[in-house]
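Below: the structure, in structure tokens.
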Amino acid sequence: MNWFLERDLTVESSAYVAISQQTALTRQMEIIANNIANISTAGFKSSNLAFKEYLAKNEDGEDTSYVQELGVVTDFSQGSITHTGADFDFAINGEGFFTVGTAAGNRFTRDGHFRLDGNGQIVNENGDPLLSDGGAPIVVPSAAEQITVAQDGTIYADKDVIGKIGLVGFKNAGLLEREGAGLYKLPQGSIDAPAPIEHPVMVQGSIEASNVQSVQEMTKMMQVSRSYESAQKMIEREDDRVRQAIRRLAQMQ
């Protein structure tokens, strides 16, 4: 094979490697930016992008290393608990998710910021009802003067029990798909199913804060930015080499 053609293939492979890196880094930057944007979002869970090395054979039979995205991984670690004093703010301390009923079916969330709607139902910001351990909306009597929620989720209107908040867990919460607005759903075809948390711990008058670590995310953002710039410089260097090879080939003819 002509030396210049061999050189061109090597340059082309290097450029493809750098482009694959940039594609993955762009996606990672989007996720980091979303994490930072949700630092103040109740119950928000940060995400990370998982990568692996993908090896492909070039025409000479040598391995070329590319970056392959494996998917987005959600960090479900506990966020700090912040006191609000609001009767319908509930923080989960430990395992579990609230279940809310949406038009698309039941969804799961760690965002414990709720309110009463015009029908006396406990709902989230979207108007989706918080479901009891029996799967029904929880209705607060209009005459109730004091609402108390016990640690296990039992709700008292004055001294009467009106329901119990159902906290559920999953064998593999990592399979949950993020829908936005703090909601998650099981992927289609999943054999996992929500199961009641045996010993739930809820804190009334508080919410779980986002688990995003701002300093860590800013550090990751700078690292990704530097890596992207390095990949761009590699592409520019290889472009220069291609142009030089073309000029030399033209001079030889």
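According to my numbering, the sequence shown holds residues 2 to 254 in order.
Ideal placement from N, C-alpha and C gives every residue a C-beta, glycine not left out.
Cutoff 6 Å; reference residue i; Cβ partners in own chain excluding five residues on either side
| i | result |
| --- | --- |
| Met2 | Only weak support is given to the placement of Met2: the predicted model assigns it a pLDDT of 44, under 50, and the question is left unresolved by the model. |
| Ile166 | Gly154 |
| Val74 | Asn49 and Ala51 |
| Glu218 | Ile33, Asn36 and Ile37 |
| Pro142 | Ala158 |
| Gln122 | Pro130, Pro138 and Val140 |
| Ile40 | Ser211, Val213 and Ser215 |
Top-ranked residue by Cα proximity to residue i, from the options
| i | options | result |
| --- | --- | --- |
| Val213 | Leu176, Thr42 and Phe91 | Thr42 |
| Ser215 | Val18, Glu126 and Ser47 | Ser47 |
| Gln205 | Gln122, His84, Gly128 and Ala145 | His84 |
| Lys160 | Ala145, Asn127, Ala174 and Lys172 | Ala145 |
| Ala151 | Ser211, Gly170 and Pro201 | Pro201 |
| Thr149 | Thr100, Ser78, Ala158 and Asn120 | Ala158 |
| Glu96 | Val140, Arg248 and Gly80 | Gly80 |
| Phe45 | Gln29, Phe98 and Glu31 | Phe98 |
| Gln69 | Ile40, Ala25 and Asn39 | Ala25 |
| Ser133 | Ala182, Ser228, Arg248 and Val169 | Val169 |
| Ser172 | Pro195, Gly164 and Gln147 | The amino acid at residue 172 is misidentified as Ser; the sequence shows Lys. Considering only alpha carbons, the answer is Pro195. |
Length of the line joining the Cα atoms of residue i and residue j
| i | j | result |
| --- | --- | --- |
| Ile20 | Ala232 | 7 Å |
| Gly102 | Thr27 | 35 Å |
| Leu131 | Leu177 | 19 Å |
| Phe89 | Leu184 | 18 Å |
| Gly135 | Ser226 | 49 Å |
| Gln245 | Met253 | 13 Å |
| Gln23 | Ser78 | 29 Å |
| Gly106 | Arg238 | 53 Å |
Close Cβ partners of residue i (< 8 Å) along its chain, the five nearest in sequence each way excluded
| i | result |
| --- | --- |
| Ile82 | Ala92, Asn94, Val204, Ser207, Ile208, Glu209 and Ala210 |
| Asp76 | Lys46, Ser47, Ser48, Asn49 and Asn212 |
Close Cβ partners of residue i (< 7 Å) along its chain, the five nearest in sequence each way excluded
| i | result |
| --- | --- |
| Ala87 | Gly206 |
| Lys221 | Ile33 |
Notebook entry, point to check: So, do the stretch 111 to 127 and the stretch 186 to 196 have three or more beta carbon pairs nearer to each other than 8 Å?
Noted result: no
Next item on the list: For the stretch 155 to 239, list the beta strand (DSSP E) runs that are entirely contained and at least 3 residues long, ordered along the chain.
Entry: 155 to 158, 161 to 165, 168 to 170, 178 to 181, 184 to 186, 203 to 205 and 207 to 209
Item checked: Runs of beta strand (DSSP E) wholly within the stretch 71 to 125 (minimum 3 residues, chain order) -> 82 to 84, 91 to 93, 98 to 103 and 106 to 110
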